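FYI, in this note's numbering the residues of the sequence shown are 2 to 639.
Glycine residues also receive a C-beta, built at the ideal position from the N, C-alpha and C atoms.
Note that the structure is a prediction, hence the values are computed from the model and not measured.
Below: the structure, in structure tokens.
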Amino acid sequence: MLLTRIKGPRDLDRLSQEELTQLAAEIRSFLVDAVSKTGGHLGPNLGVVELTIALHRVFDSPKDKVLFDTGHQAYVHKLLTGRQDFGNLRSKGGLSGYPSRAESDHDVIENSHASTVLGWADGLAKANEVLGREDHHVAAVIGDGALTGGMAWEALNNIAAAKDRPLVIVVNDNERSYGPTIGGLANHLATLRTTDGYERFLARGKEILERTPVVGKPLFETLHGAKKGLKDFIAPQGMFEDLGLKYIGPIDGHDMEALESALQRAKRFSGPVIVHCLTQKGRGYEPAVQDEADRFHAVGVIHPDTGLPVATDAASWTSVFADEMVRLGKERADIVAITAAMLQPVGLKKFADAFPDRIFDVGIAEQHGATSAAGLATGGAHPVFAVYATFLNRAFDQVLMDVALHKCGVTFVLDRAGVTGTDGASHNGMWDMSIMQVVPGLRLAAPRDAEQLRAQLREAVEVKDAPTVVRYSKGVVGPAVPAVGRIGGMDVLRTPAPEVTRPDVLLVSVGALAPMCLEIADLLDKQGISTTVVDPRWVKPVDEALAPLADRHRVVVTVEDNGRTGGVGAAVSQALRDAGVDVPLRDFGIPQRFLDHASRKEVMAEIGLTAPDIARQVTGLVAKLDGRYDSEPAATVD
């Protein structure tokens, strides 16, 4: 196999065009076989095989910086830079599903949030200029979906201002992000894709003029670089050139000779250049090509021949939300939905099918989505903006200043909250409950099970004068966790024996961690430690009934799948201080560090967010209060 002979990018230089074609086929076969076993981003990588080969033949990585936005299309890049062990892809100890500096000097950007690559490229190109590195180049690959993000256009504005600063921008145009790309930019790119008149005109002109003695060739070259008006008349590419960016394309993104020729021309140019490449997401794998939803953007473990899942998943948090949104849509004509280019992943496809006039895909533009939601609310609708928890970080200022300041009734639904695991540091939803704590008037719900998700979503959309947030985990929703009572707005999940007058521990359980908190209470009970377990349901604001309840216990413990700094535990601690309740509090959550990719269970164990770990520490705390801390060891928890 040719692929096994590729240890680094320069090994590509020795291959003929015929061998490069064979290598592309081997890479596609490898990807289907490997990713079908582990799960991962399959469709995007099948679409960039020839493009990535061409990039590494033209540019000299790692001296030249080859950047990917987003990094989920970097599997081929990994293969060509010496990383061909995909056996533990996205698993603990294996390759990351995104570029990783720890893995290779060829990887530059680890952040897998979209639309950032042009900002990185601008900075790297400026560094080359300042430091006089004329033999260093920067090539940034950005998808047409990522170009819908405002950050990309902010960067383009700066890049275009430096007409003599070399930088190659490769637009990987497959008409999709997760699903089909939408909006004005998508329409413009579609025009460029389908207008071949200019290329036909030049090809015919070249054929005629090259037969004309003496003046033919110079005249053709003059026409080829001639007035913009002629080019725009035949192929409307003016949007890029109006910015001052040289435009090359559209190029067939699966024709390696054409790609190399275009990239070589762009590399030689002394300023910023856009190379517009047309690719097919999922190329070479029929089940992906036939998948209209997202062309196998991301898959679990599948059968490589059919593309069908090996196992059928139980109901997920996302599917529960999806079904409830349709029910709400039928009941209320003012309910509308917003997605940031992730209709299918966040569960809004059913709502879109049922109410096509009430769904708005803003592209990869969370900031705009939040402010547009404020406008919708002001206009009388109630928008539900569904987004991954990690991506709401990008819209914080808009939540604060556009939604909350104006007292707009907008509901933000955060999917993939807490530890997500396999996608690594940038995808863990561990920031939202800390960030949102500072927003005045905002209410935040953390449902513990499917029933509570349905109930709290309904409660959220009833709020007309403030933003609301409903957040839940990734994956399968667990069994129902029934309440045994209610104190204020909090559900009581467990009470001590009736004869206990002052229980030892008040355990505040947040969201989907309720089953684990009940397990903690069981372990504590075996050590003779009495425990009350409550689910606040709405964790912001802190329920007024919590302080007096805490005052009737010896210790308060909070458990959340969010960063400890500024999270629910911090808010509860502040509420107790404000109420004059002087009870020891111990908060358990995610440490404020970037977590390596692994399964959710492995990550939770690594950070000590498990029932035995927490029970062991609480047992020690109670022992210290009893005065047993120094005189005898705390009881162990099996």
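Asked: Could you say if the region 163-176 and the region 46-57 meet the contact criterion of at least three C-beta pairs nearer than 8 Å?; Found: yes
Asked: Are the CB atoms of alanine 548 and valine 493 nearer to each other than 8 Å?; Found: no
Asked: Looking at the secondary structure, which residues open and close the alpha helix (DSSP H) in which histidine 78 lies?; Found: 76-81
Asked: What do you reckon, are the CB atoms on valine 414 and alanine 387 nearer than 8 Å?; Found: yes
Asked: Could you tell me which whole alpha helix (DSSP H) segments of length 4 or greater appear in the region 350-420?; Found: 350-355, 367-379 and 390-393
Asked: Rounded to the nearest angstrom, what separates glutamine 291 and leucine 309 at their Cα positions?; Found: 12 Å
Asked: The alpha helix (DSSP H) that contains asparagine 158, what's its start and end?; Found: 151-162
Asked: Expressed to the nearest angstrom, what Euclidean distance is found between the alpha-carbon atoms of lysine 93 and phenylalanine 595?; Found: 14 Å
Asked: Can you tell me where the alpha helix (DSSP H) with asparagine 46 in it begins and where it stops?; Found: 44-47
Asked: Compute the Euclidean distance between the alpha carbons of glycine 370 and alanine 341, then round it to the nearest angstrom.; Found: 7 Å
Asked: Starting from the N-terminal side, write out each stretch of the beta strand (DSSP E) that is 3 residues or longer and does not extend beyond the region 471-517.; Found: 486-488, 491-495 and 506-510
Asked: Which parts of the region 266-353 are runs of the beta strand (DSSP E), unbroken and 3 residues or longer, counting only runs that do not cross its ends?; Found: 273-279 and 336-340
Asked: Given leucine 377, which residues of its chain have a CB within under 7 Å of its CB, disregarding the five upstream and five downstream residues?; Found: Val337 and Pro384
Asked: Should the region 314-332 be regarded as contacting the region 348-358, the criterion being three or more beta carbon pairs within less than 8 Å?; Found: yes
Asked: Rank Asp505, Arg449, Ala426 and Gly250 by C-alpha distance to the C-alpha of glutamine 528 and give the top, closest one.; Found: Asp505
Asked: So histidine 107 and lysine 268 are supposed to be a Cβ contact under 8 Å. How far apart are they, rounded?; Found: Wrong, their Cβ atoms sit about 18 Å apart, outside the cutoff.
Asked: Secondary structure at alanine 546, three-state DSSP: helix, strand or coil?; Found: coil
Asked: Taking the beta strand (DSSP E) that tryptophan 121 belongs to, which residues open and close that run?; Found: No beta strand (DSSP E) holds tryptophan 121; the alpha helix (DSSP H) holding it covers 118-131.
Asked: Restricting to runs no shorter than 4 residues, where is the alpha helix (DSSP H) found entirely within the region 529-601?; Found: 547-551 and 569-579
Asked: Alanine 446 and glutamine 438 - do their beta-carbons sit closer together than 8 Å?; Found: no
Asked: Under 8 Å, with one C-beta from each stretch per pair, do the region 278-296 and the region 246-256 reach the 3-pair mark?; Found: yes
Asked: Looking at C-alpha atoms only, which residue of Trp121, Arg601 and Gln453 is the closest neighbour of lysine 475?; Found: Arg601
Asked: Here's the rule: buried if 16 or more other CB atoms are within 10 angstroms of the residue's CB, otherwise exposed. What is glutamate 367?; Found: buried
Asked: CB valine 464 to CB arginine 444, shorter than 8 Å?; Found: yes
Asked: What are the boundary residues of the beta strand (DSSP E) that valine 67 is part of?; Found: 66-70
Asked: Measure the beta-carbon distance from glycine 442 to arginine 29 and round it to whole angstroms, keeping in mind my assumption that it falls under 8 Å.; Found: The pair is not a contact, with the Cβ atoms about 52 Å apart (cut-off 8 Å).
Asked: Taking three-plus beta-carbon pairs below 8 Å as touching, is the region 124-138 in contact with the region 78-98?; Found: no
Asked: Can you tell me the Cα-Cα spacing of leucine 13 and glutamine 74, whole angstroms?; Found: 19 Å
Asked: Can you tell me the Cα-Cα spacing of alanine 156 and alanine 299, whole angstroms?; Found: 28 Å
Asked: Taking arginine 58 as the reference, which of Gly41, Gln18 and Gly609 has the closest Cα?; Found: Gln18
Asked: Do you know offhand how far glycine 621's Cα is from glycine 489's?; Found: 30 Å
Asked: Which residues share a DSSP beta bridge with aspartate 174?; Found: Leu279
Asked: Quick check: the region 499-513 against the region 534-545, are at least 3 beta-carbon pairs closer than 8 Å?; Found: yes
Asked: Got a sec? Which residues, its chain only, sit under 8 Å from alanine 546 by beta carbon, not counting five neighbours each side?; Found: Ile488, Gly489, Gly490 and Met491
Asked: When you compare each of Gly564, Ala551 and Thr502 to glycine 430 by their alpha carbons, which one comes out closest?; Found: Gly564
Asked: Could you check whether threonine 71 and alanine 115 sit closer than 8 Å to each other, using their CB atoms as the reference points?; Found: yes
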